[in-house]
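Presented below is the structure to which this report refers.
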Amino acid sequence: MRRVVILLGPPGAGKGTQATRLSAALSLPHVATGDLFREHLAKGTDLGQRAKQYMDAGQLVPDDLVLEMLFERVAKPDARGGYLLNGFPRTLAQAEALEKRLDKGTRVSVLNLRVPDSELLDRITGRRTCTQCGRVFHVKHAKPKSADKCDACGSALAQRTDDSEAVFGKRLAVYRAQTQPLEGFYAKRGLLQNVDGNRSPDDVFKDLKRSASGGEAA
Ligand code: AMP
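Quick note on numbering: numbering that gives the first Met the number 0 labels position 129 of the sequence shown as 128, and the sequence is numbered without any gaps.
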């Protein structure tokens with residue numbers, strides 16, 4: 000049976016870090032629409048160029064562009080048995096489009112990471128991302144071994160343009176207005192599971208894994 004795990008949560012909730020671990024633990028490919036847009040941008044594709052203006056402003060990329068890119072990705076052979084979604088859906092229209100596309104028997108889990116706003120700002124503005132492999136560090140909580148260099152590939156680390164304090168405020172407002180209503184959408188379907196994201200990454204991971212496995216011991 001195909002299974003789809005959706006990771007919800009505001010910017011800075013730890014979705015990227017946790018999705019990487021969860022994808023390995025559940026043997027599901029990690030599909031992050033933000034990463035896909037950044038890959039398009041790095042390759043200089045037309046889609047990347049069109050998405051850039053929205054991303055830099057902390058706004059959502061229009062649904063039609065997101066859906067086209069997402070559906071193309073999940074049609075690949077590695078996603079046949081299912082996938083882990085990070086950063087998608089972000090609007091009700093996206094959630095409805097996904098629901099329509101999934102086969103009836105698909106097992107869907109929605110894991111909602113909850114973190115207080117005050118904590119999110121610190122996590123986002125301290126975040127540094129590898130310019131080559133995308134690995135994420137934090138200036139205080141997850142320092143790279145050598146300053147400004149990626150532990151995994153040695154490339155330069157940089158702050159994402161949209162991780163500045165000014166753009167973060169916009170992203171959080173967009174999240175509250177457009178993405179948070181998805182909690183109600185999935186709760187109504189009995190699929191929403193809230194997870195306290197304001198704990199150590201290991202504790203959060205254990206809880207996510209347990210929730211994704213339907214409550215069985217992780
Ligand atoms: P993220 O890496 O998930 O924080 O995404 C970075 C940016 O990419 C977002 O602020 C949006 O501009 C854009 N983006 C990523 N996923 C979506 C989505 N599902 N819908 C609309 N825009 C998205």
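We treat Cβ as the ideally placed atom computed from N, Cα and C, and that holds for glycine.
Model, not experiment: these values are computed from the prediction.
What does a CB cutoff of less than 8 Å around residue i pick up in its chain, not counting 5 residues either side in sequence?
i           : result
residue 105 : 0, 1, 2, 3 and 81
residue 194 : 110, 111, 112, 113, 203, 206, 207 and 210
According to DSSP, simplified to helix, strand and coil, what is residue i?
i           : result
residue 128 : strand
residue 223 : No statement about residue 223 is possible, as the shown extent of the chain runs from 0 to 217 and does not include it.
residue 26  : coil
residue 87  : coil
residue 78  : helix
residue 140 : coil
residue 96  : helix
residue 50  : helix
Determine the burial state of residue i: buried for a count of at least 16 other Cβ atoms within 10 Å of its Cβ, exposed for fewer.
i           : result
residue 50  : buried
residue 48  : exposed
residue 210 : buried
residue 89  : buried
residue 152 : exposed
residue 178 : buried
residue 99  : exposed
Could you work out which residue in the options is closest to residue i when comparing CA atoms only?
i           : options               : result
residue 131 : 146, 155, 125 and 112 : 155
residue 166 : 108, 120 and 184      : 120
residue 7   : 186, 213, 75 and 205  : 186
residue 13  : 137, 25, 169 and 160  : 137
Using a Cβ-Cβ cut-off of 7 Å (strictly less than) and excluding sequence neighbours within five positions of residue i, which residues of its own chain qualify?
i           : result
residue 29  : 18, 19, 22, 83 and 85
residue 197 : 114, 115 and 118
residue 123 : 10, 11, 162 and 167
residue 139 : 125
residue 16  : 135 and 200
residue 55  : 160 and 161
Excluding the 5 residues preceding and the 5 following residue i in the sequence, name in chain order all residues of the same chain whose CB lies nearer than 6 Å to its CB.
i           : result
residue 96  : 66
residue 217 : With a pLDDT of 37 at residue 217, under the threshold of 50, the modelled position of that residue is not reliable, and no figure is offered here.
residue 150 : 143 and 144
residue 108 : 4 and 211
residue 170 : 10 and 57
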